[in-house]
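2 protein chains.
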Amino acid sequence: MIPHLHRARLAGVVAIAAALACSNASGAPAKPVTPASVLAAAPDADWRTLDPHDLLVIDLAGGGRVVIELADAFAPLHLRNIRALAAARWFDGLAVERVQDDYVVQWGDPDGKKPLPESIEKAPPPEYDRAAAALPFTPLPYPDPYATRVGFSGGFPVAEAAGRAWPIHCYGMVGIGRDLNPNTGSGAELYAVIGTPPRALDRNLAMAGRVVRGMELLAALPRGTAELGFYADPKERLPIVRARLGDDMPAAERPRIQMLRETSPTFAAWVRAKAHREDSFFVRPANALDVCNAMPPIRGAGRVGM
Amino acid sequence: MIPHLHRARLAGVVAIAAALACSNASGAPAKPVTPASVLAAAPDADWRTLDPHDLLVIDLAGGGRVVIELADAFAPLHLRNIRALAAARWFDGLAVERVQDDYVVQWGDPDGKKPLPESIEKAPPPEYDRAAAALPFTPLPYPDPYATRVGFSGGFPVAEAAGRAWPIHCYGMVGIGRDLNPNTGSGAELYAVIGTPPRALDRNLAMAGRVVRGMELLAALPRGTAELGFYADPKERLPIVRARLGDDMPAAERPRIQMLRETSPTFAAWVRAKAHREDSFFVRPANALDVCNAMPPIRGAGRVGM
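If you're matching them up, the sequences are chains V and C in order.
Just so you know, we're using the numbering used here here: the first sequence kicks off at -19 and counts up by one.
Just so you know, we're using the numbering used here here: the second sequence kicks off at -19 and counts up by one.
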């Protein structure tokens, strides 16, 4: 088998064609519209630059950096806590303590010994859903097993039913750990989804945002072998060097990340292209798309999303 | 914060209560029915012991072992190839060559240099779906965005529409890589899903089975930095020491793994308990369950599934 053929074979496996420039007013034969071609043709106005004030930038031991876009709209009291914890540099020196396969990575204060700052509300009320009417909402035109409709609000995946709206536990979404008592999630323990979207958790925990850079670092951590994926030996924990808000960083160092606006024509075209794949690899398009496969693409983060 | 409370807090995060014995005919107050309590009460007859003939056992460099249950019913010609490759020990000495975050881990012949055995059909015809009537099927009572109904057949997740049935790309499912030409997936390149179920791939590739042990090893591999998640440096590849069928192993060494029968009363009760969570952690059950969150639990593999 010659390398060229083999390279083509491998490339074909991935179901992502290389980005193709869209044909425009030229007379060239129409090329297939693919998710990549739609993104390549997007005007800059369809991309939103993430506000440094909304970014939680976590530097991990070993040099890795994880950036979370905070979602204030869904759980404002919890988010006030997280912002206060970051401002106080409370997470600095704590650790990633738990990695459970096909579920979550969790970080915070593994030994539960670090006092929370005075300004923190230690047991904010449950903020698991809110009035749907108060949120902008761009629906997906496809059904969902769990809700009347699903879509996006402010870049985040959202479900709606009976006048209420709530964020969805898609891959990369960040939630706020709590005790059995719903009023115990201070924001001091956070987790990110690293597997099948655990939709049973929707509406049962407050959510903090979405990992917009460095998800591949969290998801590739060794799984913990103690119950629930906690690391059995404290030496296995991955220390957090520092966690701060983007606007607490020197301007030149702030992450520059863009997300496709879900309200843009490009996003609608991208969803259509993902649902009705025309890429030459696909023999039978799904003609549908679930919400967690429609997370708004990110750029400036190493690569443009699928 | 005292350790006991902290331990409770951490445990609460996980949304999995400890296994509770079901109350039976005694007069004790009813305990909540949880997924764990249902499994703990399952009779042995509801568990199926996986046949060594159906197991592909892959030993990785470093001592890790991955076990795949082969799914012959969906793509019999492709599976005949995979069985022949394993019998010929063709995978021995090859490698995991690609890890793309939130997508797939892929292994095979990274340099495309190893000749296939004579007995291999190099380009079996597409076997991406088949007549639904020919497959046993246990439906889930919840809708799916992509199909008329979804459920399980022989332990594997399956979708149905218009008289056709096909396996679903849930987390841990194993597919057969191919070139752009649908007739080019010999079985020599395999991949496992490590993120959001990539449902757009359903019905576009033949599927080989499900990882039933060692998924946490594949999913935690470092992501590749070359295009599509291929490892940029061949030194990053993880060698495959050997891959063989379970019945080619000495009897005492064969993996002993059980899966809950999807046709059993226990499975139906477990699905209900997952959809309608009564665990004390949950304040609002989802009252639904998607197919990839309903993958039949496995035991004898380190821990019972969630």
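Idealized CB from N, CA, C, for every residue including glycine.
All figures in this text were calculated on a predicted structure; none of them were measured in a lab.
**Request:** Let me know if Asn184(C) comes out buried or exposed under the rule of 16 or more other beta-carbons within 10 Å of its beta-carbon.
**Result:** buried
**Asked** Hey, quick one: how far does the beta strand (DSSP E) through Pro56(V) stretch, first residue to last?
**Response** First-last for Pro56(V): 56 to 67, but that is the alpha helix (DSSP H), not the beta strand (DSSP E).
**Message:** Classify Thr29(V): buried if its beta carbon has 16 or more other beta carbons within 10 angstroms, exposed otherwise.
**Reply:** exposed
**Request:** Indicate whether Gly131(V) and Leu115(V) have their beta-carbon atoms separated by less than 7 angstroms.
**Result:** no
**Prompt:** Within this structure, are the beta carbons of Gly167(C) and Leu36(C) separated by less than 7 angstroms?
**Reply:** no
**Asked** By the criterion of Cβ-Cβ separation under 8 angstroms, what are the contact partners of Pro106(V) in chain C?
**Response** Val263
**Prompt:** DSSP on Pro121(V), reduced to helix/strand/coil?
**Reply:** coil
**Message:** Measuring CB atoms only, is the segment 259 to 274 of chain C touching the segment 169 to 184 of chain V, in the sense that at least three cross pairs come out at less than 8 angstroms?
**Reply:** yes
**Message:** So the candidates are Arg241(V), Arg257(V), Leu240(V), Gly194(V); which of them puts its Cα closest to the Cα of Val47(V)?
**Reply:** Gly194(V)
**Request:** List the DSSP bridge partners of Trp146(V).
**Result:** Ala139(V)
**Request:** Check whether the Cβ atoms of Ile237(V) and Gly189(V) sit closer than 7 angstroms, and answer yes or no.
**Result:** no
**Prompt:** With 7 angstroms set as the bound, which would you pick, yes or no: does the beta-carbon of Tyr211(C) sit closer than that to a beta-carbon of chain V?
**Reply:** no
**Prompt:** Is there a Cβ from chain V that is less than 7 angstroms from the Cβ of Ser260(C)?
**Reply:** yes
**Helix, strand or coil at Val251(V) according to DSSP, with G and I counted as helix** = helix
**Prompt:** Taking any Cβ of chain C, which residues in the segment 244 to 258 of chain V have a Cβ under 9 angstroms from it, in chain order?
**Reply:** Lys254, Ala255, Arg257
**Prompt:** How would you list, in chain order, the residues of chain V whose beta-carbon sits under 9 angstroms from the beta-carbon of Leu201(C)?
**Reply:** Ala200
**Message:** Which residues of the segment 183 to 197 of chain C have a Cβ closer than 7 angstroms to any Cβ of chain V? Give them in chain order.
**Reply:** Arg183, Asn184, Met195, Glu196
**Asked** Of all the CB atoms in chain C, is at least one closer than 7 angstroms to the CB of Pro219(V)?
**Response** no
**Request:** Label Lys11(V) either buried or exposed according to how many other C-beta atoms from any shown protein chain fall within 10 Å of its C-beta, with 16 as the threshold for buried.
**Result:** exposed
**Message:** So Thr14(V) contacts chain C; which residues on that side make the cut at Cβ distance below 9 angstroms?
**Reply:** Per Cβ cutoff of 9 angstroms: no residues; Thr14(V) is ~12 angstroms from chain C at best.
**Prompt:** Does the beta-carbon of Glu98(C) have 16 or more other beta-carbons within 10 angstroms, so that it is buried, or is it exposed?
**Reply:** exposed
**Message:** So if I threshold CB-CB distances at 8 angstroms, which residues from the segment 44 to 67 of chain C count as touching chain V?
**Reply:** none
**Prompt:** Applying the criterion that 16 or more other CB atoms from any shown protein chain within 10 Å of the CB defines a buried residue, is Pro245(C) buried or exposed?
**Reply:** exposed
**Message:** Check whether the segment 141 to 152 of chain V and the segment 15 to 34 of chain V touch, using three or more Cβ-Cβ pairs below 8 angstroms as the test.
**Reply:** no
**Item:** Assigned exposure category for Leu57(V) - 16 Cβ within 10 Å defines buried
**Value:** exposed
**Asked** Would you report the Cα separation of Asp24(C) and Ile278(C), rounded to the nearest angstrom?
**Response** 13 angstroms
**Item:** Cα-Cα separation between Arg264(V) and Pro105(V), rounded to whole angstroms
**Value:** 47 angstroms
**Asked** Thinking C-alpha only, which one of Gly226(V), Leu197(V), Ala231(V) is nearest Val79(V)?
**Response** Leu197(V)
**Prompt:** So, Ala68(C) versus Leu218(C), is the Cβ gap smaller than 7 angstroms?
**Reply:** no
**Item:** Under 8 angstroms (Cβ pairs) to chain D, residues found in the segment 117 to 131 of chain V
**Value:** Absent from the structure is chain D; the protein chains it does hold are V and C.
**Asked** So, helix, strand or coil for Asp91(V), using DSSP?
**Response** coil
**Asked** Along chain V, which residues have their Cβ under 9 angstroms away from the Cβ of Glu179(C)?
**Response** A small fix is needed here, since residue 179(C) is Arg in this sequence, not Glu. Here the neighbours are Ala266, Ala268, Leu269, Asp270, Asn273.
**Item:** Simplified DSSP state of Pro32(C), which is helix, strand or coil
**Value:** helix
**Request:** Keeping to the same chain, check which residues put their C-beta closer than 8 angstroms to that of Val85(C); ignore five residues upstream and five downstream.
**Result:** Val76, Arg78, Val79, Tyr171, Ala172, Ile174, Leu198, Ala199, Leu201
**Asked** Nearest CA to the CA of Asp72(C): which residue from Asn61(C), Asp81(C), Trp87(C)?
**Response** Trp87(C)
**Request:** In the DSSP assignment, find the alpha helix (DSSP H) that holds Leu348(C) and state where it starts and stops.
**Result:** There is no way to answer for residue 348(C), as the model of chain C reaches only from -19 to 286.
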